[in-house]
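Please read the structure below before turning to the comments.
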Amino acid sequence: DAMVIQNPRYQVTQFGKPVTLSCSQTLNHNVMYWYQQKSSQAPKLLFHYYDKDFNNEADTPDNFQSRRPNTSFCFLDIRSPGLGDAAMYLCATSGRERARGTDTQYFGPGTRLTVL
Amino acid sequence: DAKTTQPNSMESNEEEPVHLPCNHSTISGTDYIHWYRQLPSQGPEYVIHGLTSNVNNRMASLAIAEDRKSSTLILHRATLRDAAVYYCILRDVGWAAGNKLTFGGGTRVLVKP
């Protein structure tokens, strides 16, 4: 089945130690998103790629970066994780073939990040 | 994206219908109403969307008020697998960059056996 895959599902890192989360998709969608979801909160968009164009949300900290080497893969880099960065990180995709306002986003299962 | 208001939580018995309300009094004429749900320890998944008319699919029904200031997601026969947080989200028809989802608080649905 076509899907959005996130690895690893659980990631433990140390305070200040860079960490990379990965996302891959078999849907051939042109848009890929990264959301952060802290405990008992709703997901919050960090940034997204529209094809190769990177779009950062205004309130996303500089500590968060992203790379998209090709259509299928997207990475989230946290340069110096702090305790407040512990969260579930969700990757999602959507395609441009749908009419405006009606496209569906497909989410991966998420990576739960723990910062020690 | 315009804001939505949902109850924090709702309880239902298994096999009974669940009606999840969503208020969106500031909705614009170009906003679609989307519903997503998030099962425990999973990413959100699409449920249904609509603009003006009521919509049905295999997962649920969406009833939209005539003035579009509110809508109701209907799960016809709740099962234990329907226990999740349900998010009502408005999305403009314009192709804003990435067409992002802005999640509100959502409604946590508890299904009792």
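From first to last, the protein sequence lines are chains F and U.
When you line the first sequence up against the numbering used here, it's residues 214 to 329, in that order.
When you line the second sequence up against the numbering used here, it's residues 330 to 442, in that order.
Note that the Cβ used here is the ideal one computed from N, Cα and C, for glycine as well.
Same chain only: Cβ atoms within 6 Å of residue i, ignoring 5 sequence neighbours per side
i                : result
Asp411 (chain U) : Leu404 and Val440
Arg397 (chain U) : Ile356
Leu329 (chain F) : Gln227
Alpha carbon of residue i to alpha carbon of residue j, nearest angstrom
i                : j                : result
Val217 (chain F) : Ser237 (chain F) : 6 Å
Gly297 (chain F) : Glu395 (chain U) : 43 Å
Asn337 (chain U) : Arg437 (chain U) : 6 Å
Gly433 (chain U) : Ser285 (chain F) : 29 Å
Ser382 (chain U) : Phe228 (chain F) : 51 Å
Cys417 (chain U) : Pro231 (chain F) : 35 Å
Gly295 (chain F) : Thr273 (chain F) : 14 Å
Met301 (chain F) : Thr317 (chain F) : 21 Å
Thr327 (chain F) : Phe277 (chain F) : 16 Å
Val347 (chain U) : Asn385 (chain U) : 15 Å
Ile377 (chain U) : Ser354 (chain U) : 20 Å
Leu234 (chain F) : Tyr375 (chain U) : 23 Å
Thr408 (chain U) : Pro373 (chain U) : 18 Å
Val225 (chain F) : Pro369 (chain U) : 20 Å
Asp360 (chain U) : Met388 (chain U) : 22 Å
Gly379 (chain U) : Ile393 (chain U) : 8 Å
Ala426 (chain U) : Arg406 (chain U) : Its pLDDT being 45, under 50, Ala426 (chain U) is placed unreliably by the model, and nothing is read from it.
Continuous beta strand (DSSP E) stretch holding residue i: start and end
i                : result
Ile418 (chain U) : Ala413 to Asp421
Lys251 (chain F) : From DSSP, Lys251 (chain F) is part of no beta strand (DSSP E); its letter is neither H nor E.
Leu259 (chain F) : Lys257 to Tyr263
Thr401 (chain U) : Ser399 to Leu404
Thr436 (chain U) : Thr436 to Lys441
Ser338 (chain U) : Ser338 to Asn342
Arg366 (chain U) : Asp360 to Gln367
Beta-carbon proximity of residue i to residue j, cut-off 8 Å
i                : j                : result
Asn220 (chain F) : Gly308 (chain F) : no
Ser400 (chain U) : Leu391 (chain U) : yes
Lys257 (chain F) : Tyr248 (chain F) : yes
Leu430 (chain U) : Leu349 (chain U) : no
Cβ shell of residue i (< 8 Å), same chain only, five flanking positions each side left out
i                : result
Arg222 (chain F) : Pro322, Gly323, Thr324 and Arg325
Tyr319 (chain F) : Met216, Val217, Gln238, Leu240, His242, Ala305, Thr306 and Ser307
Phe260 (chain F) : Tyr246, Trp247, Phe267, Asn268, Asn269, Glu270, Thr273, Phe277 and Ser279
Same chain only: Cβ atoms within 7 Å of residue i, ignoring 5 sequence neighbours per side
i                : result
Glu340 (chain U) : Leu439 and Lys441
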